[in-house]
Amino acid sequence: MAQIVVKDAAPPIPFTEQYRSMLLGFLSVALFLAAWQAVFLFVPFNPLFISKPTLIAASFYELVTSGELFRELAVSAVPFTYGFSAAVVVGVTVGIVMGWRTRVGYALDPLMTVFYASPLVALAPLVIVFFGVGVSGKAIIIFLLSVFPFIFNAQAGVRAVDWMLIFLFHDPATTEKDLYLKVIFPSVLPYIVAGARIAIGRGLIGVLVAEFFAASEGIGYAIARYGDLFALDKMFACIVAIMIIAVVMTEGIRWAERSAFPWRVGQ
Amino acid sequence: MAYIQGRNVNLTFRPPNRNPVKALSNFDIDVEEGEFLSIVGPSGCGKSTFLNAILGLLRIDSGDLLMSSKPILGPGTDRAMVFQEFGLLPWRTVQDNVALGLELKGVPAETRRNVCRGLIDMVGLTGFEGHYPHELSGGMKQRVGLARALATDPDVLLMDEPFAALDAQTRDIMQAELLRIWQKARKTVLFVTHQIEEAIYLSDRVMVMTKRPGRAKRMFAIGLPRPRDYEMRVTPEFNELKLQIWNELKDEITV
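Chains A and B supply the protein sequences, listed in that same order. With the first letter of the first sequence counted as 1, position 123 gets the number 122 in numbering that gives the first Met the number 0; the numbers rise by one all the way through. With the first letter of the second sequence counted as 1, position 187 gets the number 186 in numbering that gives the first Met the number 0; the numbers rise by one all the way through.
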């Protein structure tokens, strides 16, 4: 007997199609690691010059379980926190003033652009000479590298404030404070967060560069030392740790942007 | 004396970093209390500039611009603007956008909520209080814009091409909605538009302006009875008015 099948819903989307972008992304990472590993089936493996994923993973595990990785990261986190916090405060302030006061913007724009575009890491040895190998020298290098995205984004944010919204506040009852808190700050905030996404990467470069030049501890120092000792498995394991931190922080900010400023999605 | 009176109003618009533009030249206007008056004119004739002068954001160079026999010297809560691009704060819900004016005036939260509930109901957005502007259609956004402007209970509602960003069908619906709301709220409305049909359908009177620098060219009294309905747009009287207004307007338009 014929059976009547009632199709009341669209057929379920297959798993592979639903998560296609994620699966393809993971696939390329997996293929890259597999190819890296497989290359040494044909090429002689010399641990003094190169490492491979399995050995790196083992070293990573070892560094994590021994607590060494976290010790080094904790050391580097201190100057990073100082430098990055200073970059937020100074960058946002300077950027807002540059955006709000047109003449200040005109005056400082070329100078800031030059600094932003120039390879500031080249100044790292000089900074170390001035401020020493301690936390302050590192923090200043991190600050120098990460302050400019905040300046330029905050400035762009102020310039992009919708003038119509400011008109709404042209009312005798409105105070300057209302204008700042209720229009300007909420308008600029998404730009600052977008700037933070760029600044994180530059700040992490600052950590490594500062610790390459002069340091006796920290994750950058660990990478340099393991390199010098030809302990490449451990060196790569430390680099992987930095990579993971960078991805988590950048993606975390991206996620925060999406959930905190949903009206900006797609802009 | 008329409620809003403009005599020999001259106004030069001075945009930052650009050459000043003479926007209004010896502009005369009389707006009666409670009337719906539309202004049509070619692009750039100074009609939006005039609304901003009434709002108190632009100072006139010379002449008289009076409201209730007093010169307009700056912004005030007796006037409110509805913008073409809605002007909503994207980080605020419908409720909080509508409440903005009251909040700035320091009205207590409880009163704000009650006033907003009534207005949101009036513009037909009940159930959307917690939505954000990006979750609304263009027509709904302008309903919020209208409710927000009405929240401080202004005497005059200034509308600067409020439906120009909407599609044609939404626009027709919003025009009918505006008439319904105006019938209830009974504000003096100054409405700037490019669309002659919209001006006739909504207004008690329609003013045609010359090209820049704008002057009053001719005033048309719209004798159509109220409440108005969509069918009136196809009556001979309506079309006759449309033709007359177009004949006044077309000489001013340069493409």
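Where a beta carbon is used, it is the ideal one built from N, C-alpha and C, also for glycine.
Exercise. In chain order, what residues of the same chain lie with their CB nearer than 8 Å to the CB of A245(A), ignoring the 5 residues before and after it?
Worked result: Start at 1 with the first residue of the first sequence, and residue 245(A) comes out as number 246. Excluding sequence neighbours, A245(A) sits near I199, G200 and L203.
Problem set entry | Spatially closest choice to A195(A) from A240(A), A86(A), L110(A) and E71(A), by CA coordinates | Locating residue 195(A) in the first sequence gives position 196, counting from the first residue. Ranking the options by Cα distance to A195(A), first place goes to A86(A).
Problem set entry | Reference T80(A); option with closest CA among V208(A), Q17(A), L228(A) and A138(A) | Numbered from 1 along the first sequence, position 81 holds the residue referred to as residue 80(A). Nearest option by C-alpha distance: A138(A).
For this session: Determine the chain B residues that contact L167(A) at a beta-carbon separation under 7 Å, and present them in chain order.
Result: One-based indexing of the first sequence puts residue 167(A) at position 168. Near L167(A) (Cβ distances below 7 Å), the residues of chain B are G86 and L99.
For this session: Would you mind giving the Cβ-Cβ distance between V30(B) and A1(B), rounded to the nearest angstrom? I have them listed as a contact below 8 Å.
Result: Reading the second sequence from its first residue, position 31 is the one you call residue 30(B). Reading the second sequence from its first residue, position 2 is the one you call residue 1(B). Yes, they are in contact, since the Cβ atoms of V30(B) and A1(B) sit about 6 Å apart, within 8 Å.
Problem set entry | Proximal residues of chain B, C-beta to C-beta of D108(A) below 9 Å | Residue 108(A) sits at position 109 when you count from the first residue of the first sequence. Per Cβ cutoff of 9 Å: no residues; D108(A) is ~15 Å from chain B at best.
Problem set entry | Inside the segment 68-110 of chain B only - beta strand (DSSP E) runs reaching at least 3 residues | 78-81
For this session: May I have a chain-ordered list of the alpha helix (DSSP H) segments no shorter than 4 residues that lie completely inside the segment 156-204 of chain B?
Result: 167-184 and 195-201
Exercise. What is the rounded straight-line gap between the Cα of M248(A) and the Cα of A213(A)?
Worked result: Your numbering for residue 248(A) matches position 249 in the first sequence. Your numbering for residue 213(A) matches position 214 in the first sequence. About 26 Å.
Problem set entry | Collapsed DSSP secondary structure at T11(B) in the structure displayed | Translated into the one-based positions of the second sequence, residue 11(B) becomes position 12. Of the three classes helix, strand and coil, the one that applies to T11(B) here is strand, per DSSP.
Exercise. How about L56(B): is its C-beta nearer than 8 Å to some C-beta of chain A?
Worked result: One-based indexing of the second sequence puts residue 56(B) at position 57. At least one chain A Cβ lies under 8 Å of L56(B).
Problem set entry | Nearest to N238(B) (by Cα), restricted to the options G222(B), I252(B), G213(B) and T253(B) | Taking the second sequence and counting its residues from 1, the one referred to as residue 238(B) is at position 239. Per the Cα distances, G222(B).
Exercise. Which residues of chain B have a Cβ atom closer than 8 Å to the Cβ of W262(A), listed in chain order?
Worked result: Sequence index remark: in the first sequence, residue 262(A) carries index 263 (1-based). Chain B residues near W262(A): P89, W90, Y131, P132 and H133.
Exercise. At a Cβ threshold of 8 Å, is L180(A) touching chain B?
Worked result: For the purposes of this step, residue 180(A) is taken as the residue at position 181 of the first sequence. No - not a single Cβ of chain B is within 8 Å of the one on L180(A).
Exercise. Would a check of beta-carbon distances place M163(A) closer than 8 Å to chain B?
Worked result: On the first sequence, position 164 is the one that residue 163(A) refers to. Cβ-Cβ to chain B under 8 Å: yes for M163(A).
Problem set entry | Residues that D177(A) contacts on chain B, provided the C-beta gap is smaller than 7 Å | Taking the first residue of the first sequence as 1, we reach residue 177(A) at position 178. The answer, in chain order, is L103.
Problem set entry | T11(B) versus P19(B) - alpha carbon distance | Numbered from its first residue, the second sequence carries residue 11(B) at position 12. Numbered from its first residue, the second sequence carries residue 19(B) at position 20. C-alpha separation (whole angstroms): 6 Å.
Exercise. Using CA coordinates, which residue listed in A123(A), F168(A), V89(A) and P11(A) is at the minimum distance from A79(B)?
Worked result: Numbered from its first residue, the second sequence carries residue 79(B) at position 80. With distances taken between Cα atoms, A79(B) lies closest to F168(A).
Exercise. Taking the beta strand (DSSP E) that D227(A) falls in, what are its first and last residues?
Worked result: On the first sequence, residue 227(A) is found 228 positions in, with the first residue counted as 1. First-last for D227(A): I218 to D227, but that is the alpha helix (DSSP H), not the beta strand (DSSP E).
Exercise. In angstroms, rounded to a whole number, what distance separates the CA positions of I165(A) and D108(A)?
Worked result: In the first sequence, the residue the question calls residue 165(A) occupies position 166. In the first sequence, the residue the question calls residue 108(A) occupies position 109. In a straight line, the C-alpha of I165(A) is about 25 Å away from that of D108(A).
For this session: With a cut-off of 8 Å on the beta carbons, I'd call L156(B) and V106(B) a contact; round off their distance for me.
Result: Looking up residue 156(B) in the second sequence gives position 157. Looking up residue 106(B) in the second sequence gives position 107. Their Cβ separation, rounded to whole angstroms, is 19 Å, which puts L156(B) and V106(B) out of contact at 8 Å.
Problem set entry | Given 8 Å, three or more beta-carbon pairs between the segment 137-145 of chain B and the segment 165-183 of chain B | yes
Exercise. Would you report the Cα separation of L188(B) and V254(B), rounded to the nearest angstrom?
Worked result: Numbered from 1 along the second sequence, position 189 holds the residue referred to as residue 188(B). Numbered from 1 along the second sequence, position 255 holds the residue referred to as residue 254(B). Reading the sequence as shown, one finds Val at residue 188(B) and not Leu. The straight-line gap from Cα to Cα measures roughly 30 Å.
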